[in-house]
Every structure is written in structure tokens, then in C-alpha cells.
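S.K.:
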Amino acid sequence: MRIVFAIILLAAGLTTVSQKAWADFNVDMAGNPFAPFVRLNTEFGQVRVDQRIIIRLPSPASAPVAVGAQRQSVAKLQYKEKKIGKCLWVDRLGGSRPGPDRTLDLLTRDGILIRAYLGDGCLAREFYAGAYMERSFDGKLCVDRDVLHARTGAKCEIDKFRLLIPR
């Protein structure tokens, strides 16, 4: 039917018909059918791309230690705890290991040992394979704000930090 119509138009001498007129019949000038262009009333919105940075604190087997002798004697030493601030720079942290009870020992890149007391319901043994955290806007790990994630699926808040000093 379309081909017949195109032949009739050509025979009538209407070869100068614009492409718009041909589009009304859903055929191009050669008579090939095509789908008409339909303009939908679409609305455009703003797109926001969020980026997440996950920081990994490795387990003791792969944790970097500045002083080699300290790694061997760390388990045998007795420590005295001293108060420190409520936030730590994440870039300075180099590793973690489960501590006694509900504590996680964090090791900085320059060899300082910090004990993080975990919130209620959290067990330190779940962090045997290391800890993960999302990088915050200020680059710090803070008490009662940030959450530590274990590879076992546990999520724990931190109640307080203490600096460990060998006796």
C-alpha cells in the first residue's frame, strides 16, 4: 500500500515534496518505512554522583610496623593507658588487632599503639581479619561518630580511645 502511494506521488510530479510531508506517511523519499520520531514531554533533573572511599586496616600479619623489635615484644609487654583526644587521623593508622574484651588495638604508621574501646554488643574477636571504615569528610576517625566494619559483617561504634604506653 505504501509503495503504491509513493508511486502515485511520483507519477503526479510531486517529487519536490519536503521530507516532512513524506514523514506524515511514515515512509522516506525512497519509499522505505520508518518509525516516526515521537517527542515525549520529558523532564530533566539533576544527577548527583556520590563517591565512597573505604579505608582498610590490615590484620597483624600484614600490618606495617616502624620498629621491628616492637612487633616481637608487643604481646609480652604490660601497658599503661593514657587519655588522648576523641579523634584520630585515618591516614596515620597502619593496622589493627583484637585486644582484650571489647577493645581493638590500632597501630599507627610510626609505631604508636592506641586502644579503641568498642560499643555495646561488639566483640573484638570479630576483627581478627582487620577493620574497614568509610573515610569521613575531615579524614578523622572519631568517637561516637564513625563506625568500624569487620570482614565478618559486624559494625561497631567506638566509645573511647586510649594511648598505650609500655610500663
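For the sequence shown, the positions run -23 to -1, 1 to 144 when mature numbering (1 follows the signal peptide of the UniProt record, and there is no 0) is used.
Every residue, glycine too, gets a C-beta built ideally from N, C-alpha and C.
Ignoring anything shorter than 3 residues, give me the beta strand (DSSP E) runs that lie fully in the region 39 to 116, in order along the chain.
M.R.: Here the runs fully enclosed are 56 to 60, 64 to 66, 70 to 75, 80 to 85, 90 to 95 and 108 to 111.
S.K.: Per the DSSP calculation, Arg139 is bridged to which residue(s)?
M.R.: Note: Arg139 sits in a beta bridge opposite Lys60 and Arg92.
S.K.: To the nearest angstrom, how far is it from the Cα of Lys137 to the Cα of Cys99?
M.R.: Taking the straight line joining both Cα atoms gives about 14 Å.
S.K.: May I have the straight-line CA-CA distance separating Phe104 from Arg25, to the nearest angstrom?
M.R.: When rounded, the distance between both Cα atoms is 34 Å.
S.K.: Please report how far the alpha carbon of Lys60 lies from the alpha carbon of Gly88, in whole angstroms.
M.R.: For Lys60 and Gly88, the distance between alpha carbons rounds to 18 Å.
S.K.: The beta strand (DSSP E) with Arg33 in it runs from where to where?
M.R.: Arg33 -> beta strand (DSSP E) spans Ile31 to Leu34.
S.K.: Just to confirm the assignment, what range does the beta strand (DSSP E) spanning Val24 have?
M.R.: Neither: Val24 is in no beta strand (DSSP E) and is coded neither H nor E.
S.K.: Excluding five sequence neighbours on each side, which residues of the same chain lie with their C-beta closer than 7 Å to the C-beta of Pro41?
M.R.: Any reading at Pro41 must be qualified, since the residue scores a pLDDT of 48, below 50, and its modelled position is unreliable; the value itself is stated next. Hits under 7 Å: Gly71, Gly72 and Arg86.
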